[in-house]
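Notes follow once the structure below has been shown.
There are 2 protein chains.
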Amino acid sequence: MTSFLNFDSLAAISSAGLPATDAKAVAAARARQGALTKPPGSLGRLEALAEFMAGWRGTAQPKIDKAQALVFAGNHGVCAQGINPFPQEVTAQMVANFQHGGAAINQLCAVAGADLTVVALDLERPTGDFTQGPAMSEAETLSALRRGAEAVDPSADVLILGEMGIGNSTVAAALGLAVCGGEAASWVGAGTGADAAGIAHKADVVTKAVSLHRDATGMGVLAALGGREQAAICGAVLAARAARIPVILDGFICTAAVAPLHGTDPAFLDHCIVGHASREPGHTRLCEALGKDPVLRMDMALGEGSGAALALNILRSALACHNGMATFAEAGVAGG
Amino acid sequence: MTSFLNFDSLAAISSAGLPATDAKAVAAARARQGALTKPPGSLGRLEALAEFMAGWRGTAQPKIDKAQALVFAGNHGVCAQGINPFPQEVTAQMVANFQHGGAAINQLCAVAGADLTVVALDLERPTGDFTQGPAMSEAETLSALRRGAEAVDPSADVLILGEMGIGNSTVAAALGLAVCGGEAASWVGAGTGADAAGIAHKADVVTKAVSLHRDATGMGVLAALGGREQAAICGAVLAARAARIPVILDGFICTAAVAPLHGTDPAFLDHCIVGHASREPGHTRLCEALGKDPVLRMDMALGEGSGAALALNILRSALACHNGMATFAEAGVAGG
Numbered sequence: 001m002t003s004f005l006n007f008d009s010l011a012a013i014s015s016a017g018l019p020a021t022d023a024k025a026v027a028a029a030r031a032r033q034g035a036l037t038k039p040p041g042s043l044g045r046l047e048a049l050a051e052f053m054a055g056w057r058g059t060a061q062p063k064i065d066k067a068q069a070l071v072f073a074g075n076h077g078v079c080a081q082g083i084n085p086f087p088q089e090v091t092a093q094m095v096a097n098f099q100h101g102g103a104a105i106n107q108l109c110a111v112a113g114a115d116l117t118v119v120a121l122d123l124e125r126p127t128g129d130f131t132q133g134p135a136m137s138e139a140e141t142l143s144a145l146r147r148g149a150e151a152v153d154p155s156a157d158v159l160i161l162g163e164m165g166i167g168n169s170t171v172a173a174a175l176g177l178a179v180c181g182g183e184a185a186s187w188v189g190a191g192t193g194a195d196a197a198g199i200a201h202k203a204d205v206v207t208k209a210v211s212l213h214r215d216a217t218g219m220g221v222l223a224a225l226g227g228r229e230q231a232a233i234c235g236a237v238l239a240a241r242a243a244r245i246p247v248i249l250d251g252f253i254c255t256a257a258v259a260p261l262h263g264t265d266p267a268f269l270d271h272c273i274v275g276h277a278s279r280e281p282g283h284t285r286l287c288e289a290l291g292k293d294p295v296l297r298m299d300m301a302l303g304e305g306s307g308a309a310l311a312l313n314i315l316r317s318a319l320a321c322h323n324g325m326a327t328f329a330e331a332g333v334a335g336g
Numbered sequence: 337m338t339s340f341l342n343f344d345s346l347a348a349i350s351s352a353g354l355p356a357t358d359a360k361a362v363a364a365a366r367a368r369q370g371a372l373t374k375p376p377g378s379l380g381r382l383e384a385l386a387e388f389m390a391g392w393r394g395t396a397q398p399k400i401d402k403a404q405a406l407v408f409a410g411n412h413g414v415c416a417q418g419i420n421p422f423p424q425e426v427t428a429q430m431v432a433n434f435q436h437g438g439a440a441i442n443q444l445c446a447v448a449g450a451d452l453t454v455v456a457l458d459l460e461r462p463t464g465d466f467t468q469g470p471a472m473s474e475a476e477t478l479s480a481l482r483r484g485a486e487a488v489d490p491s492a493d494v495l496i497l498g499e500m501g502i503g504n505s506t507v508a509a510a511l512g513l514a515v516c517g518g519e520a521a522s523w524v525g526a527g528t529g530a531d532a533a534g535i536a537h538k539a540d541v542v543t544k545a546v547s548l549h550r551d552a553t554g555m556g557v558l559a560a561l562g563g564r565e566q567a568a569i570c571g572a573v574l575a576a577r578a579a580r581i582p583v584i585l586d587g588f589i590c591t592a593a594v595a596p597l598h599g600t601d602p603a604f605l606d607h608c609i610v611g612h613a614s615r616e617p618g619h620t621r622l623c624e625a626l627g628k629d630p631v632l633r634m635d636m637a638l639g640e641g642s643g644a645a646l647a648l649n650i651l652r653s654a655l656a657c658h659n660g661m662a663t664f665a666e667a668g669v670a671g672g
């Protein structure tokens, strides 16, 4: 059996049986938007977001009673290539910071009203160095996909995804290049603080890795060049789809994590929006390739799900207008 | 006596005694940002917003305990020129909608945690048709400035400004053209729903009005081409400055309302940010002229303070990170 929730083999993950948006609910939401006390279309992106939520939740007036935020953390063998100025211990230290409430994502979830869960994936056991061989075996990849899927709360109304992993902007660049093509130099950026020489070195490492794994296809790209947090993000995206939960992806690394799903079938990501445009140069290119227009542009490049959590405020505002505004008829306003 | 809070005559409104940002508080906020558990600068605009708030509130760790939203409404004599498809009665109908909680601004203030006050300014008495003479006498202008200033709650930590007034996108275009120059066609847009012929007509009306009042300067431009809600917005901006309350301006019409202050002295607007980039084409141009980079880009064009209220969520998020995050030392994270 092949299906989008089959984690028995990477080849078995197909878009067969993928739930679609509810066109009737979208149409009903659009009709409601047209009746609300405002010039048609004047709420712009907020109207589009309300219709997007309506389609995936299957109701003309969707609500966000429960917002879940999941941050997955992993460590990466490619750090052996010296692609990051921070030591790998920082991944676990930041996970502890998340758990103690001291990171940006904790504050942003508190403001936006999201329940945060942090999932640390075998931090003491980094993936393989993908310049030498595959980052993960198929079994390791499937295990991480499963852990991501299992972390999703099926009663959530929206899911925010984020990540933490020293070295994973290099992983993201490799995934972007492998799925979307181009030159490595256009996929690498400063990450957590690389200088010009460091960025050039990252580009060399990425070029070498993508060349080594040029025969990988579909979800095989994830095993060859990804990491556990990337696989867990893919698993969470698939589990959310099964429960018709819309997903807010974060920035460059989170969006690159799902690039192998896009490479397998772009329809996998129909229920996903991108929360913000990262300052990492590869993100603009990646969002264009995926056909996603980020909700926010804040010149951020932190990860952790920070841009996605920030975008949740916009989504809540969109639904507050959609559900709470009076219609022209209700308010006795001319022009409806 | 001339001073920025002197509403005895328009000529007396000068930037003498204008409070400035607190450079020490900004430096202390910047130092704190550098110590927080994130790569330097990775929160982008959120860091800049925290430092902006620190400077105007005069403290390294500013908070938003009270956010005030003020929406001013007025009617415009230029509607006699047929520049808007909606009847002028809609202004009062929308004010009633605000008061009953049915408009977009009500929902957006509820999500963002702002207390909304709506001030209707002599709706039954539209301003003069500025294609025939000045929109307001000096006394009318000063009265509206005063009403705007008096509406500001001096205990607020941030002030959101918005407006409602059928026909006031034509008023905004006239103010933008008069203060910043250019061609009328680049200052007019669809407003609440003008078609191509309607937009061309708006441009003709604006060209004629600005030519008629070409001798107006400084705050005299506000009397010649503005309206009561524009003057009230200017008054509120000045009263907020006196209380060191940062201001979030809304879109095209709200930003154009303060253009005469910019024309008098750009320093008048140092404590103001622009909440969102409106879809109205004149807004991009106006923000560039004023040196303001809007916080959000949501393709909105509603007014009411809607984009400013939406941006309050971003400001709250910025301060939550600024005040709530652990430092590298506190969290025991390497690399600080």
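First to last, the protein sequences are chains A and B.
Using this note's numbering, you'd call the opening residue of the first sequence number 1 and step up by one each time.
Using this note's numbering, you'd call the opening residue of the second sequence number 337 and step up by one each time.
For each residue, glycine too, the CB sits at the ideal point set by N, CA and C.
8 Å Cβ cut-off: residues of chain B touching residue i
i, result
"glutamine 93(A)", "Ala667, Gly668, Val669 and Ala670"
"arginine 241(A)", "By Cβ distance, chain B contributes nothing, its closest Cβ being about 26 Å from arginine 241(A), past 8 Å."
"cysteine 321(A)", "Ala440, Gln443 and Leu444"
"arginine 228(A)", "Near arginine 228(A) there are no residues of chain B at all, since even the closest Cβ is about 21 Å away, more than 8 Å."
Exposed unless 16 or more other CB atoms sit within 10 angstroms - verdict on residue i
i, result
"aspartate 627(B)", "In the sequence as presented, aspartate is not what sits at residue 627(B); that position holds glycine. Exposed, by the Cβ-count rule."
"arginine 652(B)", "buried"
"histidine 100(A)", "exposed"
"glutamate 476(B)", "buried"
"threonine 338(B)", "exposed"
"valine 202(A)", "The sequence as given places lysine at residue 202(A); valine does not occur at that position. Answer is buried; the Cβ neighbour count reaches 16."
"lysine 24(A)", "exposed"
"alanine 16(A)", "exposed"
"proline 602(B)", "exposed"
"serine 278(A)", "buried"
"alanine 560(B)", "buried"
"serine 306(A)", "buried"
"aspartate 215(A)", "exposed"
Member of the options whose CA lies at the smallest distance from the CA of residue i
i, options, result
"phenylalanine 52(A)", "Gly324(A), Leu269(A), Pro281(A) and Glu304(A)", "Leu269(A)"
"histidine 412(B)", "Lys399(B), Asp458(B), Ala367(B) and Trp392(B)", "Asp458(B)"
"proline 62(A)", "Gln33(A), Pro85(A), Gly44(A) and Cys180(A)", "Gln33(A)"
"leucine 319(A)", "Leu70(A), Gly133(A), Ala54(A) and Pro126(A)", "Ala54(A)"
"glycine 571(B)", "Ala432(B), Gln468(B), Asn433(B) and Leu478(B)", "Leu478(B)"
"alanine 348(B)", "Gly660(B), Pro490(B), Gly469(B) and Leu597(B)", "Leu597(B)"
"glutamate 89(A)", "Met164(A), Ala196(A) and Ala331(A)", "Met164(A)"
"glutamate 288(A)", "Ala114(A), Met136(A) and Thr255(A)", "Thr255(A)"
"valine 210(A)", "Ala196(A), Gly226(A) and Ala174(A)", "Ala174(A)"
"leucine 497(B)", "Gly377(B), Ala365(B), Ser473(B) and Ala575(B)", "Ala575(B)"
"isoleucine 273(A)", "Ala257(A), Asp293(A) and Ala60(A)", "Asp293(A)"
"valine 494(B)", "Cys516(B), Gly611(B), Arg564(B) and Thr600(B)", "Gly611(B)"
"alanine 409(B)", "Ala603(B), Gly554(B) and Ser505(B)", "Ser505(B)"
"alanine 196(A)", "Asp265(A), Ile83(A), Val119(A) and Arg57(A)", "Ile83(A)"
"glycine 128(A)", "Gly227(A), Val71(A), Lys38(A) and Ala120(A)", "Gly227(A)"
"alanine 151(A)", "Ala231(A), Leu108(A), Ala308(A) and Gln132(A)", "Ala231(A)"
"alanine 156(A)", "Ala144(A), Lys66(A) and Glu47(A)", "Lys66(A)"
"glutamine 107(A)", "Leu372(B), Gly394(B) and Val407(B)", "Leu372(B)"
"proline 126(A)", "Gly167(A), Gly148(A), Asn313(A) and Leu10(A)", "Gly167(A)"
Residue i: contacting residues in chain A (beta-carbon distance under 8 Å)
i, result
"aspartate 635(B)", "Gly44 and Arg45"
Proximal residues of chain A, C-beta to C-beta of residue i below 7 Å
i, result
"methionine 661(B)", "Gly102, Ala103, Ala104 and Gln107"
"arginine 615(B)", "Gly44"
CB contact below 9 Å: residue i versus chain B
i, result
"leucine 36(A)", "yes"
"leucine 296(A)", "yes"
"alanine 308(A)", "no"
"alanine 96(A)", "yes"
"arginine 285(A)", "no"
"serine 317(A)", "yes"
Chain A contact for residue i (CB, 9 Å cutoff)
i, result
"cysteine 415(B)", "no"
"threonine 528(B)", "yes"
"proline 582(B)", "no"
"arginine 366(B)", "no"
"isoleucine 650(B)", "yes"
Heavy atom of the ligand MN within 8 Å of residue i beta-carbon
i, result
"glycine 162(A)", "The ligand content of the structure shown is nil, which means the ligand MN is not present either."
Closer than 9 Å at the beta carbon, the chain B residues around residue i
i, result
"proline 39(A)", "Phe422, Ala526, Gly527, Thr528, Gly529, Ala637 and Leu638"
Proximal residues of chain B, C-beta to C-beta of residue i below 7 Å
i, result
"asparagine 75(A)", "Per Cβ cutoff of 7 Å: no residues; asparagine 75(A) is ~14 Å from chain B at best."
Which of the residues in the segment 45-66 of chain A, read from start to end, lie with their CB under 8 Å from any CB of chain B?
Arg45 and Leu46
The segment 417-428 of chain B: positions lying closer than 9 Å to chain A by Cβ
Pro421, Phe422, Pro423, Glu425 and Val426
Report the residues of the segment 446-464 of chain B with a CB closer than 9 Å to any CB of chain A, ordered along the chain.
Ala446, Val447 and Ala448
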